[in-house]
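Chemist: Counting from 2, one number per residue, gives the positions in the sequence shown under this note's numbering.
Even for Gly, the Cβ is constructed at its ideal location relative to N, Cα and C.
Bear in mind the structure is a predicted one, so any value in this text is a computation, not a measurement.
Here's a structure for you.
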Amino acid sequence: MMGIIEVKGLTKQFGNKKAIDNISFSVRQGEILGLLGLNGAGKSTIMNIITGCLAASEGTVLIDGMDINTDPIKAKQKIGYLPEIPPLYVDMRVREYLDFVCGLKKIKRNRKAHIQEVCELVGTAHVQNRLIKNLSKGYRQRVGLAGALIGDPDVLILDEPTVGLGPTQIVEIRSLIKGMGKSKTPGYNNCAYEY
């Protein structure tokens with residue numbers, strides 16, 4: 002059975018150094034995959050290749066059957082990505098930022114309702130009118146996660162979603178990720194993340 006993410010023979014070379022060498026794996030609908038390893042092991046490199054932010058030296062990545070290199074626009078439409086440092090505009094209010102993300106992702110449905118739904122899912126509904134710069138690191142992570150969830154992507158890629166958070170916030174974010182992985186709602190079923 003083909004997975005929603007198929008990684009085959011992935012290799013990335015930077016000069017003479019191989020960051021990753023012949024990596025293959027598959028993630029099926031509803032699975033949560035965590036990449037574990039030491040600093041510099043290539044976890045973020047793998048995620049950057051899967052999301053199309055970095056080209057592989059060799060190998061292929063299929064997202065729901067679409068090759069990230071030969072059909073990047075369609076493949077990327079299926080991906081929600083939260084990098085290690087969320088790319089937030091801190092002078093915007095949460096709702097403004099998420100509306101901006103809707104525009105970038107060309108969301109055609111009712112934006113207000115979609116933003117409300119995503120905010121409720123990640124626990125930011127009560128801070129929608131606050132400036133992002135006035136939020137704690139934990140809430141900023143949640144806003145970044147909300148941005149990744151805009152458009153109901155089939156695949157969610159999270160690069161160190163708990164870095165720099167306190168113990169309680171780590172438990173909350175992990176619980177949130179686990180809940181999304183179990184959700185029957187299409188678009189919140191697949192998570193690949195790094196600890």
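Could you pull out every residue in the same chain whose Cβ sits closer than 7 Å to the Cβ of residue 145, ignoring the five residues on either side in sequence?
Modeler: 83, 87, 89
Chemist: Using a Cβ-Cβ distance under 9 Å, would residue 140 count as near chain D?
Modeler: Chain labels in this structure do not include chain D; a single protein chain is all it has.
Chemist: Per DSSP, what kind of secondary structure is residue 181 in: helix, strand or coil?
Modeler: helix
Chemist: Measure the CB-CB distance between residue 47 and residue 36 and report whether it falls below 9 Å.
Modeler: yes
Chemist: Which residues in the same chain as residue 55 place their Cβ atom closer than 8 Å to its Cβ, once the five residues preceding and following it in sequence are excluded?
Modeler: 13, 46, 49
Chemist: Where residue 52 and residue 130 are concerned, what is the direct C-alpha to C-alpha distance, given to the nearest angstrom?
Modeler: 30 Å
Chemist: Which of the three DSSP states, helix, strand or coil, is assigned to residue 149?
Modeler: In this structure, residue 149 counts as helix in the three-state DSSP scheme.
Chemist: The beta strand (DSSP E) that contains residue 64, what's its start and end?
Modeler: 59 to 64
Chemist: Between the segment 163 to 171 and the segment 107 to 126, do three or more beta carbon pairs fall short of 8 Å?
Modeler: Cβ pair count under 8 Å is below three, so no.
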